[in-house]
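Chemist: Quick note: the sequence shown uses UniProt numbering, first residue 1, plus one each step. Just passing along the structure, written as structure tokens.
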Amino acid sequence: MTAGEGVLGELAGFVAAEARWQDPALMHHAKRAVIDWLAAIFPGTRYAPSPQLVAALGDERGQGRSALVGIGSTAFAASAAWINGTASHAAELDDIYREAVYHPGSPTVAAALAVAEDRGASGAEFLRAVAAGYEVAGRVGAAVQPAHSRLFHATGTLGCLGAATAAAMLLSPGKAEQIGHAIATAASFASGLQEAIRAETMTKPIHAGHAAAVGVRAAQAAAAGVTGAMAILDGPVGFAVALAGGEADWSRARQGLGERYVIASPTHKLYACCGHLFPVLDAVLALRAEHGIAAEEVVAVEVTTYQAALDATARFAPRSAYECKFSMPYVIAHALVYGSVGIDAFEADRVQSPELRALMARCTLSGDPEMSAAFPSRRPARVRIVLADGRAVDHALSVRRGDPEAPLSDAELTEKYLGLAAPVIGAARAQGLLEAVWRLEETGIEALGLAQIA
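This is how it looks when you write it as structure tokens:
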């Protein structure tokens with residue numbers, strides 16, 4: 001492949017030939033991505049639509065060699081990717097790549113795992129595939145954002161590209177042409193509309209699962225000789241024109257290629273809700289801790305942040321647990337009362353709590369043009385809390401905890417993983433799986449034993 005074939009040819013050629021996937025530092029980041037993905041998927045298997053999709057498999061359940069994670073069974077690779085990609089996005093705990101405004105882990109790791117298990121790949125091959133998938137989709141996403149997310153859910157669209165890359169790295173290792181054709185084919189099936197996020201449906205998590213399955217199918221097809229349109233990303237009627245109104249800056253896809261890696265700069269989530277809410281939550285919790293604020297003291301909460309956050313989360317009357325995950329007033333109220341926003345924040349009794357609803361009514365939300373201009377590279381917020389004794393306290397930030405500038409340590413990531421996995425599969429199994437992931441570059445993918453864990 002040559003650079004003359006456009007951005008897709010350049011990216012496919014790069015990931016196929018890149019020797020640094022073997023570097024211990026990048027391997028370490030890839031293992032962190034897998035641990036974070038496992039943290040998200042185990043609770044996600046218990047959330048709709050995961051059980052419904054497992055039931056929809058019918059007679060296929062128990063077939064194939066690819067694990068249905070947390071279910072204790074298997075399926076054929078594309079179906080396993082579909083289920084696992086969905087489940088890992090269902091609890092809203094999967095990682096974020098800020099520049100691309102999407103969740104890379106849910107589709108990419110799901111696709112890589114399904115294919116790696118199907119072909120008995122080594123742990124190192126699996127980790128390289130994950131890193132390559134993050135790289136391609138993250139760079140394409142950086143080029144088409146923020147225009148792309150005005151109408152499309154990028155985890156569903158960009159996720160197809162990352163999943164196809166990861167799967168093709170395993171099915172056609174070192175073959176830039178086949179990897180490129182896999183990505184090109186997957187791009188034609190990129191989908192996921194913003195309306196599905198803003199409505200009360202089960203569709204949003206399936207965007208990630210669909211992307212994972214599309215990636216597997218596209219890579220399988222490319223390995224068998226199926227070709228795609230190599231100008232699909234930057235052509236006159238390609239991805240950027242159709243899905244971003246032609247507002248793409250392809251220099252961002254090429255910038256720092258081979259010097260900076262997407263796998264090394266994700267945001268790991270600490271709250272079980274939309275990532276747009278995190279800067280506000282960080283500020284609220286900082287004020288609560290610093291000033292010893294009790295919820296009953298709060299007269300008003302005044303939020304100023306970037307407009308995209310308000311477009312997605314300015315819900316003052318959420319009707320369900322799902323809508324509460326995308327409600328800035330709700331998560332502010334929960335943080336003030338409970339001091340956290342974990343999975344339990346969205347249980348039925350809390351969602352309808354009169355105390356939380358009363359606090360929500362004391363919130364005001366405002367967009368700021370300067371903050372909006374910083375999106376997506378920065379997610380700024382300023383929170384002012386007015387108290388009953390007349391005091392007003394403020395906190396402003398532009399970096400979320402878990403962002404690349406304030407990353408979770410390995411110990412903090414482990415705490416997140418064990419806190420989410422152990423209640424589902426037991427503490428001993430969760431610990432054993434964690435240790436197996438950290439040793440992956442020395443073993444085969446079968447060492448994870450995921451098909452036996454439920």
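A virtual CB, placed ideally from N, CA and C, is assigned to each residue, including glycine. Predicted, not measured: the structure shown is a model, and the values here were computed from it.
Nearest by alpha-carbon distance to Ala-10: which of Ala-314, Ala-25 and Asp-234 is it?
Modeler: Locating residue 10 in the sequence shown gives position 10, where the first residue counts as 1. First, the amino acid is wrong: residue 10 is Glu here, not Ala. Of the listed residues, the one whose Cα sits closest to Glu-10 is Asp-234.
Chemist: With burial defined as no fewer than 16 other Cβ atoms inside 10 Å of the residue's Cβ, what is the status of Gly-215: buried or exposed?
Modeler: Here residue 215 refers to the residue found at position 215 of the sequence shown. With 16 or more Cβ atoms within 10 Å of its Cβ, Gly-215 is classed as buried.
Chemist: Buried or exposed: which applies to Asp-95, given that a residue is buried once 16 or more other Cβ atoms fall within 10 Å of its Cβ?
Modeler: The sequence position of residue 95 within the sequence shown is 95, counting from 1. Flag for Asp-95 reads buried.
Chemist: For my contact list, Leu-356 and Arg-350 are in at a C-beta cut-off of 8 Å; report their separation, rounded to the angstrom.
Modeler: Here the question's residue 356 lines up with position 356 in the sequence shown. Here the question's residue 350 lines up with position 350 in the sequence shown. Contact flag correct, Cβ pair sits at about 7 Å.
Chemist: I'd like to know if the region 422–432 and the region 10–22 are in contact, where contact means that at least 3 CB-CB pairs between them fall below 8 Å.
Modeler: Contact between the region 422–432 and the region 10–22 is absent, because fewer than three Cβ pairs lie under 8 Å.
Chemist: At which residue ranges does the region 291–341 contain complete beta strand (DSSP E) runs of 3 or more residues, listed in the order of the chain?
Modeler: If we require 3 residues or more, the beta strand (DSSP E) runs fully inside the region 291–341 come out as 298–305.
Chemist: Report yes or no: is there a C-beta of chain C within less than 8 Å of the C-beta of Asp-389?
Modeler: Among the chains in the structure shown there is no chain C, since it carries only a single protein chain.
Chemist: Give me the residue from Glu-302, Ile-385 and Ala-295 with the minimum Cα distance to Gly-367.
Modeler: In the sequence shown, residue 367 corresponds to position 367, counting from 1. Ranking the options by Cα distance to Gly-367, first place goes to Glu-302.
Chemist: From Gly-4 to Leu-277, what does the alpha carbon distance come to, in whole angstroms?
Modeler: Position 4 of the sequence shown, counting from 1, holds the residue named residue 4. Position 277 of the sequence shown, counting from 1, holds the residue named residue 277. With a pLDDT of 38 at Gly-4, under the threshold of 50, the modelled position of that residue is not reliable, and no figure is offered here.
Chemist: My guess is that Gly-141 and Pro-107 are in contact by the Cβ rule of under 8 Å, so how many angstroms apart are they, rounded?
Modeler: Here residue 141 refers to the residue found at position 141 when the sequence shown is read from its first residue. Here residue 107 refers to the residue found at position 107 when the sequence shown is read from its first residue. That pair is no contact at about 12 Å.
Chemist: For Leu-408, does the count of other Cβ atoms within 10 angstroms reach 16, so buried, or fall short, so exposed?
Modeler: Taking the first residue of the sequence shown as 1, we reach residue 408 at position 408. With 16 or more other Cβ atoms within 10 Å, it is buried.
Chemist: Which residue spans inside the region 105–132 form an unbroken alpha helix (DSSP H) run of at least 4?
Modeler: Runs of the alpha helix (DSSP H) inside the region 105–132: 105–119.
Chemist: Contact between the region 69–86 and the region 107–119: three or more CB pairs below 8 Å?
Modeler: At 8 Å Cβ cutoff, the stretches touch.
Chemist: Along the chain, where does the beta strand (DSSP E) containing Ile-385 start, and where does it finish?
Modeler: By one-based count along the sequence shown, residue 385 stands at place 385. Here the beta strand (DSSP E) through Ile-385 covers 381–387.
Chemist: Are the beta-carbon atoms belonging to Leu-270 and Arg-401 less than 8 Å from one another?
Modeler: On the sequence shown, residue 270 is found 270 positions in, with the first residue counted as 1. On the sequence shown, residue 401 is found 401 positions in, with the first residue counted as 1. Yes, Cβ-Cβ distance for Leu-270 and Arg-401 is below 8 Å.
Chemist: What did DSSP end up calling Phe-375 once you bin it into helix, strand or coil?
Modeler: The count along the sequence shown starts at 1 and reaches residue 375 at position 375. DSSP places Phe-375 in coil when its eight states are reduced to three.
Chemist: Determine the burial state of Thr-2: buried for a count of at least 16 other Cβ atoms within 10 Å of its Cβ, exposed for fewer.
Modeler: Against the sequence shown, residue 2 aligns to sequence position 2. Note that Thr-2 has pLDDT 39, beneath the 50 cutoff, so the model's placement of it is unreliable and the number below is only indicative. Classification of Thr-2: exposed, given that the 10 Å Cβ count is below 16.
Chemist: Could you check if Glu-92 is buried or exposed, using at least 16 other CB atoms within 10 Å of its CB as the buried criterion?
Modeler: Here residue 92 is taken as the residue at index 92 of the sequence shown, counted from 1. Glu-92 should be labelled buried.
Chemist: What would DSSP say about Phe-152, mapped onto helix, strand or coil?
Modeler: By one-based count along the sequence shown, residue 152 stands at place 152. Phe-152: strand per DSSP, three-state reduction.
Chemist: Under 8 Å, with one C-beta from each stretch per pair, do the region 67–83 and the region 190–202 reach the 3-pair mark?
Modeler: The region 67–83, when compared against the region 190–202, does not touch it at the 8 Å Cβ threshold.
Chemist: Using a Cβ-Cβ cutoff of less than 6 Å, which residues in the same chain neighbour Ala-335 once the five nearest sequence positions on both sides are dropped?
Modeler: Position 335 of the sequence shown, counted from the first residue, corresponds to residue 335. Here the set comprises Leu-281, Val-284, Leu-285 and Val-341.
Chemist: Assess, as a yes-or-no matter, whether the region 118–133 is touched by the region 234–250 under the definition of 3 or more beta carbon pairs within less than 8 Å.
Modeler: The answer is no - the region 118–133 does not touch the region 234–250, with fewer than three Cβ pairs under 8 Å.
Chemist: Could you tell me if Ser-327 is buried or exposed, where buried requires 16 or more neighbouring beta carbons within 10 angstroms of its beta carbon?
Modeler: Within the sequence shown, residue 327 is the residue found at index 327, counting from 1. By the neighbour-count rule (16 or more Cβ atoms within 10 Å), Ser-327 is buried.
Chemist: To which residues of the same chain is Asp-118 closer than 6 Å at the C-beta, ignoring the five residues directly before and after it?
Modeler: Counted from its first residue, the sequence shown places residue 118 at position 118. Taken in chain order, the residues that qualify are Arg-65, Ser-66 and Ala-77.
Chemist: Is it buried or exposed for Pro-380, if we count other Cβ within 10 angstroms and need 16 for buried?
Modeler: For the purposes of this step, residue 380 is identified with residue 380 of the sequence shown, where counting begins at 1. Flag for Pro-380 reads buried.
Chemist: Pop quiz: Ala-154 and Asp-249 are said to be a contact at Cβ under 8 Å. What is the actual Cβ separation, rounded to whole angstroms?
Modeler: Counting from 1 along the sequence shown, the entry for residue 154 is found at position 154. Counting from 1 along the sequence shown, the entry for residue 249 is found at position 249. About 16 Å; that fails the 8 Å criterion.
Chemist: For Leu-287, does the three-state DSSP call read helix, strand or coil?
Modeler: Locating residue 287 in the sequence shown gives position 287, where the first residue counts as 1. DSSP places Leu-287 in helix when its eight states are reduced to three.
Chemist: Do three or more CB pairs link the region 26–37 to the region 251–268 at distances below 8 Å?
Modeler: Counting Cβ pairs under 8 Å, three or more are found: they touch.
Chemist: How would you write the range of the alpha helix (DSSP H) that Cys-28 sits in, first residue to last?
Modeler: Position 28 of the sequence shown, counted from the first residue, corresponds to residue 28. In the sequence under discussion, the amino acid at residue 28 is His, which differs from the Cys named in the question. Taken as a continuous stretch (DSSP letters only), the alpha helix (DSSP H) holding His-28 covers 24–44.
Chemist: Among Glu-435, Ile-425, Leu-397 and Ala-176, which one has its Cα closest to the Cα of Ala-451?
Modeler: If you number the sequence shown from 1, residue 451 lands on position 451. Looking at the Cα atoms, Ile-425 is the closest of the given residues.
Chemist: Hey, how far is the Cα of Tyr-417 from the Cα of Ala-167?
Modeler: Numbered from 1 along the sequence shown, position 417 holds the residue referred to as residue 417. Numbered from 1 along the sequence shown, position 167 holds the residue referred to as residue 167. The alpha-carbon atoms of Tyr-417 and Ala-167 are separated by roughly 25 Å.
Chemist: With H, G and I counted as helix, E and B as strand and the rest as coil, what does DSSP make of Ile-96?
Modeler: Counting from one through the sequence shown, the residue named residue 96 turns up at place 96. It is a strand residue.
Chemist: On a CA-only basis, which of Gly-339, Phe-346, Ile-293 and Ala-309 is nearest Arg-319? Give me that one, please.
Modeler: For the purposes of this step, residue 319 is taken as the residue at position 319 of the sequence shown. Nearest of Gly-339, Phe-346, Ile-293 and Ala-309 to Arg-319, Cα basis: Phe-346.
Chemist: Please look up how many angstroms separate the CB atoms of Val-136 and Ile-206, rounded, as I've assumed it's under 8 Å.
Modeler: By one-based count along the sequence shown, residue 136 stands at place 136. By one-based count along the sequence shown, residue 206 stands at place 206. That belief does not hold up - the Cβ atoms of Val-136 and Ile-206 are roughly 22 Å apart, past 8 Å.
Chemist: Buried or exposed: residue 488, going by 16 or more other Cβ atoms within 10 Å of its Cβ?
Modeler: Given that the chain is displayed from residue 1 to residue 454, the structure contains no residue 488 and the question cannot be resolved.
Chemist: In whole angstroms, what separates the C-alpha of Ala-187 from that of Glu-415?
Modeler: One-based indexing of the sequence shown puts residue 187 at position 187. One-based indexing of the sequence shown puts residue 415 at position 415. Roughly 36 Å between the two C-alpha positions.
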